[in-house]
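Undergrad:
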């Protein structure tokens, strides 16, 4: 019998932890720069909005004292809310979705934390806004119409009106929370994709351990199918899609861009959960999965035109191993854009040759000077991708070439395609 990694197996069967105990992301200068850029943009947006609504006379600037009071408190509370939700509440919710097989005690503990923390945050902001607007409207006269209108709403409901009325909840959502929906959604998407790609990487490690003992083709194929199903079972799809549908209904009224992103993510997760449980899957479905991934990545960068995805040839009637190409594409985004935010680029050229039944893909990305060595190495992901290629194909049937220079890193891959009719006949 194959010997599985005992630590991973024990965690999975006990259900006390996720199958993938992923380490926290490192705090790098690149991540810090992205946060600084985001808050610079958010502060500018808040400056423009408050400068408009705090005017008593549209032709005159707002009272300086009132403006800086509202501006500084709004920006400060927005920052506090983002990091509280983004790094405490959201991670707990993501772990809850992955750990659905855990005991009821673990599940309800996380549910209780998410619910109580959300209610506590809304109550805290209700009390804070109540006294802030009361103070501002009484000390800065004449008060702008915007301040009077919102102060009347808060005074009528009281310091904890969020618990008794929908009006105050709507105000808090618009004033404190709506600014965070897009960045929080992008963080959820980033974490979900990272967990999905990491699951494929760790799956390769498990397959490699078993391949040392069991070398026959039939045993390897069965092992890969079982491991893929094991990884996918860590997420409760019904609960996950219900959460996404709730988020979609919530933001669709005000942010079509975020709604579009959520739809793409839903399609991406649906594909990984339901359409990749076989050794080979339709090529056109795999390509649509890659396109959704690339479109999601485009939204995270200021220069989406630097990301190109070109496809030629007819993908119908061909089959390909699932989730094989995404490792190379994810590596290109990691080193081509994430480490050089404004100047980086990624180009993906995919060609299908029907006559020879082969797939050619060229993935090129820029390299940041301070991360050239990291980009050239490629990390564990590319090593596991090589191992998976060796399991799926004979060494002479595929070709993987790495080309590198100080400014560019390029992966050239050619793999054989299976025709759907002949594959169904053989199986």
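In my numbering, the protein residues as written are 1 to 427.
Idealized CB from N, CA, C, for every residue including glycine.
What is the residue span of the alpha helix (DSSP H) that residue 27 lies within?
TA: It is not in any alpha helix (DSSP H) - residue 27 carries neither H nor E in the DSSP assignment.
Undergrad: On the three-state DSSP scale, how would you describe residue 407?
TA: DSSP, reduced to helix, strand and coil, places residue 407 outside both helices and strands of the structure shown, so it counts as coil.
Undergrad: Would you mind reading off the limits of the alpha helix (DSSP H) that contains residue 170?
TA: It spans 166 to 172 - the alpha helix (DSSP H) in which residue 170 sits, taken as one unbroken run.
Undergrad: Rank 382, 388 and 320 by C-alpha distance to the C-alpha of residue 360 and give the top, closest one.
TA: 320
Undergrad: Spell out a yes or no on whether the stretch 152 to 162 and the stretch 121 to 133 are touching, meaning 3 or more CB-CB pairs, one atom from each, closer than 8 Å.
TA: Note that the stretch 152 to 162 touches the stretch 121 to 133; at least 3 beta-carbon pairs, one per stretch, sit closer than 8 Å.
Undergrad: Among all the DSSP beta bridges, which residues are the ones paired with residue 349?
TA: 310 and 362
Undergrad: For the structure I just gave you, are there three or more beta carbon pairs, one from the stretch 282 to 301 and one from the stretch 387 to 403, closer than 8 Å?
TA: no
Undergrad: Determine the direct distance from the alpha carbon of residue 323 to that of residue 385, and round the result to whole angstroms.
TA: Approximately 10 Å, taken between the alpha carbons.
Undergrad: What is the residue span of the beta strand (DSSP E) that residue 320 lies within?
TA: 318 to 320
Undergrad: Candidates 50, 299, 112 and 43: which alpha carbon is nearest residue 78's?
TA: 43
Undergrad: Out of 362, 274 and 299, point me to the one whose CA is closest to residue 262's CA.
TA: 299
Undergrad: I'd like the list of long-range same chain contacts for residue 415, defined as Cβ closer than 6 Å, with 5 residues on each side in sequence excluded.
TA: 359 and 398
Undergrad: Near residue 73, what residues of its chain come up, given a Cβ to Cβ distance below 7 Å and the 5 sequence neighbours on each side ignored?
TA: 132
Undergrad: Taking DSSP as the reference, what is the three-state secondary structure of residue 18?
TA: Any answer about residue 18 is weak, because its pLDDT of 41 lies below 50 and its placement is not dependable; what the coordinates show is given next. Looking at residue 18 - three-state DSSP - the assignment turns out to be coil, as it is neither helix nor strand.
Undergrad: Are residue 92 and residue 116 closer than 7 Å when you measure CB to CB?
TA: no
Undergrad: Does the distance from the CB of residue 363 to the CB of residue 315 come in under 7 Å?
TA: In this structure, residue 315 does not lie closer than 7 Å to residue 363 by Cβ.
Undergrad: For residue 285 versus residue 275, is the C-beta distance shorter than 7 Å?
TA: yes
Undergrad: Ordered along the chain, which non-local residues of its own chain (more than five positions away) have a Cβ less than 7 Å from that of residue 75?
TA: 43 and 46
Undergrad: If you check the beta carbons only, do residue 346 and residue 402 fall under 7 Å apart?
TA: no
Undergrad: Residue 258 and residue 172 - do their beta-carbons sit closer together than 7 Å?
TA: no
Undergrad: Can you name the start and end residues of the alpha helix (DSSP H) that residue 78 belongs to?
TA: Looking at the DSSP string, the run of the alpha helix (DSSP H) that includes residue 78 is 64 to 84.
Undergrad: For the alpha helix (DSSP H) containing residue 140, name the first residue and the last one.
TA: Taken as a continuous stretch (DSSP letters only), residue 140 belongs to no alpha helix (DSSP H), as it is neither H nor E.
Undergrad: In this structure, what does DSSP give as the bridge partners for residue 121?
TA: Beta-bridge pairing links residue 121 to no other residue.
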